[in-house]
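Structure first, commentary second.
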Amino acid sequence: MSNNLLLEASNITKSFSGVPALENGVLRLRPGSIHALCGGNGAGKSTLLNILMGVLPRDGGSIKIEGRDVHFSSPKDALGFGISMISQELEPVPELTVAENIFLGREPKKAGFIVDYRRMFDQARDVLGELNIQIEPTVKLGSLSIAEIQMVEIAKAISQNARIIIMDEPTSAIGERETELLFEAVHKLKDRGAGIIYVSHRMNELFRIADDYTIMRDGTFVGTGSMGDIDRKYLIDTILGKELQEEFSKFNVPGEREILRVEHYTRHGEFKDISLSLKEGEILGIFGLMGSGRSEFLNTLFGINAPHDGEAWIDGAKFTPRGPRDAMDAGMAYVTEDRKGNGLLVGSSIRNNISMASVKKVSKLGLVSSRKEAKVARLQVENHQIKSSSIEMEVRHMSGGNQQKVVLAKWLQTDPNILMLDEPTRGIDVGAKREMYRFMSEFSRNGKGVIMTSSEIPEILGMSDRVIVFRKGRLAGELSGSDLNQDNLARLSS
Amino acid sequence: MSQQVLAKDKGVEEPAKNSGISKRLSDFMVSYGIIIAFLFICAVLSVISPYFLSTNNLLNVLRQVSINGVLAIGMTFVILTRGIDLSVGSLMACSSIVAASFAAGSEASFILVPIMMGLVTGLTLGAVNGLLIARFAIPPFVMTLGMLSMARGLTYIYNDGMPISNLDATFRFIGQGVVLGMPVPVLLFLGVFLISWFTLRYTTFGRYVYAVGGNPQAAMVSGINVRRVTFTVYAISGLLCGLAGLMIAARTGAALPQAGVAYELDAIAAVVIGGTSLAGGRGRIVGTLFGVLIIGVLNNGLDLLGVSSFYQQVVKGGIIVLAVMLDRSRLSSS
Ligand SMILES: Nc1ncnc2c1ncn2[C@@H]1O[C@H](COP(=O)(O)OP(=O)(O)OP(=O)(O)O)[C@@H](O)[C@H]1O
Ligand SMILES: [Mg+2]
């Protein structure tokens, strides 16, 4: 049995500053299979994968590749064994071209030391073409969207001819269409006999593509088996370690009073002629493909950019923000899509991150009360079950999903009336998603309103009272009641 | 195959047992490493040269570091926001000559006039830095490099390249006086240190400085006025250059237009040795204090030992690189 395994990790342990993150990491990967590694936020998935990839040293345990014991001290060693990883935190080089990123460190050369750009671009074009990715290899990576960068990373892994490909939440930053491309690519890899370790908090995805599963909870191995033998409920309950009641808990009731009205909002090159209204107690969904202008629209509504045309009102009063501060003063909060880029101070503590947008609330005459600040942070950590060693923990040491919760906590601390959530459940586990949904319902129940974008159709359908659909920067339609279904969403958005 | 052997060789290491006391000790070293380094250097010097620990010599060290100290504190604010201020030496010289022109000879003005003029000069030039960096997005390196040259030129123009000497005795008190046994420049430095420490640690503005340096995008989205914070840190640095200008003119009893050349290097060195990251958002003013002290103690100690100033430069440079190396390993170890 164990002889034809591509990879076998047993009893892997790892502590950070004496705090165990991984107590018993186990993973058995068969060749030609897609293996779902499942677990809640902070379960130790990324830690295990980083150890497999040689990014982190392990404290104990063994790793076998095709039956041979291996000890990697850097990702380079792992690459030498045909393992490559698309990590949760992308770290590409923005100033280099797509092709240069794909071949970083392995550039085709002329005369032994001159980079052969022609050949590099051609090869990059081949790899991208094979995956049906329409990206020019000559453009700078920095000019691409997150989804596109993700696709480039995938192309890179494939071009490395890896036999084992680790994908840590590859779809958390990309839309439906890109996800389809990704799945196609993954299947090609599988057909070639590669083994793929796949992490995602989206259960639908797992059941669509995975062959095997391994479940972890609190740093320990819980179970493994074939995906065909289990159902969604079993998987979710095992991940959580308890029974999940209903997935979407929705109990808000939209009222009549309009709290936000937008008319003809336009920003050239981003979106055009967008009008909408938000009622008290309402959850308004915005659906659209990647690049349809959703985030750009929210950015503008929050005052980050100025609209070229159009007007807005909050509670009937004209609203023309000159910056985020004005929007916040008008009662808005905005959980952005890109938590690393513009959500967090990753080098600072949880406490400082949570108070960041509302320092004034814990200060008097410009002096911050550390005691009040700490109290507030502790309360949020408790309320949202943010997994951390203390409120002084640096955010960059937290798991992805827990970082997302910190961003949410930061904005809740501003006590908003209108909460804008751009892909709010990105990277958070099933349990936390449910809490998020509960929270949204609870929040809007008290005369407040939520605007939420999501690329996940079940989530949009499960939570929204009304959905407006964006297509290529335009309003493609509005759906509610019985019209609000998967077919209509798909039809309007593409 | 050979690859496997290679990887294996490198990887064979016993599992780290990071438990208990040794762990806590290493945590302590990480947080207070700079203080320990400082005490270590002092201990070595006091063994080699008994005179080192005398009150006189220690006060002397403090007096010598106080000007660099004031500049380095301004620099800390700037570097915390991911910026840099290369113009501090020039700004200091410019402030000192302007202040001196109101404090020289028989027609010297009332003491507050030269003080105000010196501070306002530094503040104004710093504000120009801040305005152009914050408002017109000129990279700090470029802007302050330009200002380094411009302010130096203005300093020469102001008095036709001549020094201003014969300064008023009341004015000289700022640099030469002693209060309660402490030299006035040392008291000024300590005052600036305490105010800055308090500001960074306990005020909303302090939070904003860290936020802007840590992630300017996130700070902006969180409603922090990034431009205002950026502007303010350069203005603070300028104001402190003004104060340093007063101190240096008063100490030497004259303002020299060529004063303070290359002072920006010592100021930046102190900040970096103190553990503040040039990438912004991370660092402490206490670190800068010890960075300043380490540079001062080293210069003094090497002087006492009769080491030539040529070697002193080599040592100082080495210390900077070492400090950053230690900082790097600290960041990657956690
Ligand atoms: N460098 C570090 N220092 C301290 N603690 C760490 C560090 N890296 C990870 N941890 C801790 O280890 C635990 C496991 O984190 P890990 O990132 O592996 O979780 P995960 O399963 O990938 O979660 P997610 O689904 O949220 O990405 C977390 O509690 C995290 O806070
Ligand atoms: Mg993870």
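Protein sequences, first through last, are from chains A and B.
For the record, in the first sequence the residue sitting at position 209 is 209 according to the UniProt record's numbering, with numbers rising by one throughout.
For the record, in the second sequence the residue sitting at position 59 is 59 according to the UniProt record's numbering, with numbers rising by one throughout.
Glycine included, each C-beta is placed from N, C-alpha and C at the ideal position.
Tell me where the beta strand (DSSP E) around residue i begins and ends.
| i | result |
| --- | --- |
| Asn-11 of chain A | 7-16 |
| Ala-476 of chain A | 474-480 |
| Pro-20 of chain A | 19-29 |
| Ala-312 of chain A | 309-314 |
| Glu-263 of chain A | 258-267 |
| Lys-64 of chain A | 60-65 |
| Thr-214 of chain A | 212-217 |
| Met-85 of chain A | 83-86 |
| His-35 of chain A | 34-39 |
| Ala-333 of chain A | 332-335 |
Going along chain B in order, which residues have a C-beta closer than 7 angstroms to the C-beta of residue i?
| i | result |
| --- | --- |
| Arg-202 of chain A | Residues of chain B passing the Cβ test: none, with the nearest at roughly 26 angstroms. |
| Ala-357 of chain A | Ser-222 and Gly-223 |
Once the 5 residues before and after residue i are set aside, which same chain residues still bring their CB inside 6 angstroms of it?
| i | result |
| --- | --- |
| Gly-281 of chain B | Tyr-210, Gly-213 and Gly-214 |
| residue 335 of chain B | No information on residue 335 of chain B is available, as it lies outside the stretch 1 to 334 that chain B covers here. |
| Ala-476 of chain A | Val-469 and Leu-492 |
| Leu-56 of chain A | Asn-50 |
| Tyr-156 of chain B | Pro-257 |
| Leu-365 of chain A | none |
| residue 504 of chain A | Within the shown structure, residues of chain A are numbered from 1 to 494, placing residue 504 of chain A beyond reach of any answer. |
| Leu-6 of chain B | With a pLDDT of only 34 at Leu-6 of chain B, under 50, the local geometry of the prediction cannot be trusted, and no value is derived from it. |
Residue range of the alpha helix (DSSP H) that residue i falls in?
| i | result |
| --- | --- |
| Asn-56 of chain B | 55-80 |
| Ala-250 of chain B | 226-252 |
| Tyr-158 of chain B | 140-158 |
| Arg-471 of chain A | No alpha helix (DSSP H) holds Arg-471 of chain A; the beta strand (DSSP E) holding it covers 466-471. |
Less than 8 angstroms between C-beta atoms, sequence neighbours within five positions excluded: which residues of the same chain meet that for residue i?
| i | result |
| --- | --- |
| Val-324 of chain B | Val-272 |
| Leu-489 of chain A | Phe-287, Ile-457, Ile-460, Leu-461, Val-467, Val-469 and Leu-479 |
| Arg-351 of chain A | Glu-373, Ala-374, Ala-377, Ile-391 and Glu-392 |
Using a cut-off of 8 angstroms between C-beta atoms, extract the partners of residue i located in chain A.
| i | result |
| --- | --- |
| Tyr-210 of chain B | Leu-345, Ser-348 and Asn-352 |
| Gly-214 of chain B | Leu-345, Val-346, Gly-347 and Ser-348 |
Leaving out five residues on either side along the sequence, give the residues of the same chain with a beta carbon under 7 angstroms from the beta carbon of residue i.
| i | result |
| --- | --- |
| Ser-200 of chain A | Glu-169, Thr-171 and Leu-206 |
| Glu-270 of chain A | Gly-293, Glu-296 and Gly-473 |
| Glu-148 of chain A | Ile-135 |
| Ser-333 of chain B | For Ser-333 of chain B, the predicted model reports a pLDDT of 47, less than 50, meaning its position is unreliable; a value from the coordinates is still stated below. Nothing listed; no residue qualifies. |
| Ala-279 of chain B | Arg-82 |
| Gly-318 of chain B | none |
| Ser-277 of chain B | Gly-283 |
| Ile-236 of chain A | Met-203, Leu-244 and Val-430 |
So which residues of chain A does residue i contact, with C-beta pairs closer than 7 angstroms?
| i | result |
| --- | --- |
| Gly-33 of chain B | Those do not exist, as Gly-33 of chain B stays about 16 angstroms from chain A at its closest Cβ, beyond 7 angstroms. |
Just to make sure I have the definition right: I need the residues of chain B whose C-beta is within less than 8 angstroms of the C-beta of residue i. Which are they?
| i | result |
| --- | --- |
| Thr-336 of chain A | Val-221 |
| Asn-342 of chain A | Asn-215, Gln-217, Ala-218, Met-220 and Val-221 |
| Ala-330 of chain A | Going along chain B, no residue has its Cβ under 8 angstroms from Ala-330 of chain A, so there is no contact; the nearest lies around 11 angstroms. |
Could you work out which residues of chain B lie near residue i, taking near to mean beta carbons separated by less than 9 angstroms?
| i | result |
| --- | --- |
| Met-53 of chain A | Those do not exist, as Met-53 of chain A stays about 13 angstroms from chain B at its closest Cβ, beyond 9 angstroms. |
| Met-398 of chain A | Within 9 angstroms Cβ-Cβ: nothing; Met-398 of chain A doesn't reach chain B, min ~13 angstroms. |
| Met-420 of chain A | Result: empty, since nearest Cβ-Cβ is about 11 angstroms, beyond 9 angstroms. |
request  = Taking only beta carbons into account, state which residues of the region 268-282 of chain B come closer than 7 angstroms to chain A, listed in chain order.
outcome  = Going along the region 268-282 of chain B in chain order, one finds Gly-281 and Arg-282 with a Cβ nearer than 7 angstroms to chain A.
inquiry  = Output needed in chain order: residues of the region 217-236 of chain B with a Cβ under 9 angstroms from some Cβ in chain A.
reply    = Gln-217, Ala-218, Ala-219, Met-220, Val-221, Ser-222, Gly-223, Ile-224 and Asn-225
query = Quick one, which residues of the region 118-148 of chain B are near chain A if we go by CB-CB under 7 angstroms, in chain order?
reply = none
inquiry  = Taking beta-carbon pairs under 7 angstroms, can you tell me which members of the region 297-326 of chain A lie near chain B?
reply    = Ile-304, Pro-324 and Arg-325
query = Does the pairing of the region 178-197 of chain B with the region 331-345 of chain A give three or more beta-carbon distances under 8 angstroms?
reply = no
task = Below 8 angstroms between beta carbons is the criterion; list the residues of the region 196-207 of chain B that meet it against any residue of chain A, in chain order.
result = Tyr-202, Thr-203, Thr-204, Phe-205, Gly-206 and Arg-207
message = Under 8 angstroms: do the region 274-294 of chain B and the region 95-114 of chain B share three or more Cβ pairs, one atom per stretch?
response = no
task = Select from the region 360-381 of chain A all residues with a C-beta closer than 7 angstroms to any C-beta belonging to chain B, and list them in chain order.
result = Lys-360, Ser-363, Gly-366, Leu-367 and Val-368
task = Determine contact between the region 42-57 of chain B and the region 299-313 of chain B, defined as no fewer than three beta-carbon pairs at a distance below 8 angstroms.
result = yes
task = Tell me, please, whether the region 58-76 of chain A touches the region 10-25 of chain A by the rule of three or more beta-carbon pairs shorter than 8 angstroms.
result = yes
key: Contact residues within the region 16-31 of chain A, judged by C-beta distance below 8 angstroms to chain B   = Phe-16, Ser-17 and Gly-18
Stretch-stretch touch, CB-based, cutoff 8 angstroms, three pairs: the region 434-451 of chain A with the region 387-401 of chain A = no
query = Does the region 202-209 of chain B touch the region 306-317 of chain A, meaning 3 or more C-beta pairs lie closer than 8 angstroms?
reply = no
message = Check whether the region 215-229 of chain A and the region 406-415 of chain A touch, using three or more Cβ-Cβ pairs below 8 angstroms as the test.
response = no
inquiry  = If contact is defined by three or more beta carbon pairs under 8 angstroms, each pair taking one atom from either stretch, is the region 243-250 of chain B in contact with the region 124-132 of chain B?
reply    = no
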